[in-house]
Amino acid sequence: MDRSEIESKLNDLLVDELGIDRDALAQDAKFEEDLDVDSLGVVELLMALEDNFGVKIPDEEAEQITTVGEAVDLVEKKLAS
0 MDRSEIESKL
10 NDLLVDELGI
20 DRDALAQDAK
30 FEEDLDVDSL
40 GVVELLMALE
50 DNFGVKIPDE
60 EAEQITTVGE
70 AVDLVEKKLA
80 S
């Protein structure tokens with residue numbers, strides 16, 4: 000799966016799971032500040048990422064994800080290993 004496929008699937012999850020407006024999604028959009036995703040929403044997103052991409056995201060890595068681009072980077076890294 001290439002980066003654009005990961006990004007597209009992640010954007011779908013953000014829209015479907017968290018009700019975020021697709022037009023607001025950008026690589027540098029911060030979950031809490033720009034997209035109004037609270038900490039519970041971030042946890043829900045991480046669980047959805049694990050389920051949909053078949054990856055495991057440890058808490059210490061999850062805490063470092065603050066933007067859409069960082070989430071894509073992490074999933075891409077996990078899929079490559």
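The sequence shown runs 0 to 80 under numbering that gives the first Met the number 0. All residues carry an ideal CB built from backbone N, CA and C; glycine is no exception. Treat the numbers as computed from the prediction; the structure is a model and nothing was measured.
query                                                                 : result
Alpha helix (DSSP H) segment containing Leu48, residue limits         : 38-52
For Leu9 and Asp37, the rounded distance between their alpha carbons  : 17 Å
Environment of Val42 [buried if 16+ CB atoms lie within 10 Å]         : exposed
Alpha-carbon to alpha-carbon, Glu75 and Leu39                         : 23 Å
Per DSSP, cross-strand counterpart(s) of Thr65                        : DSSP lists no partner for Thr65.
For Leu45 and Glu62, the rounded distance between their alpha carbons : 10 Å
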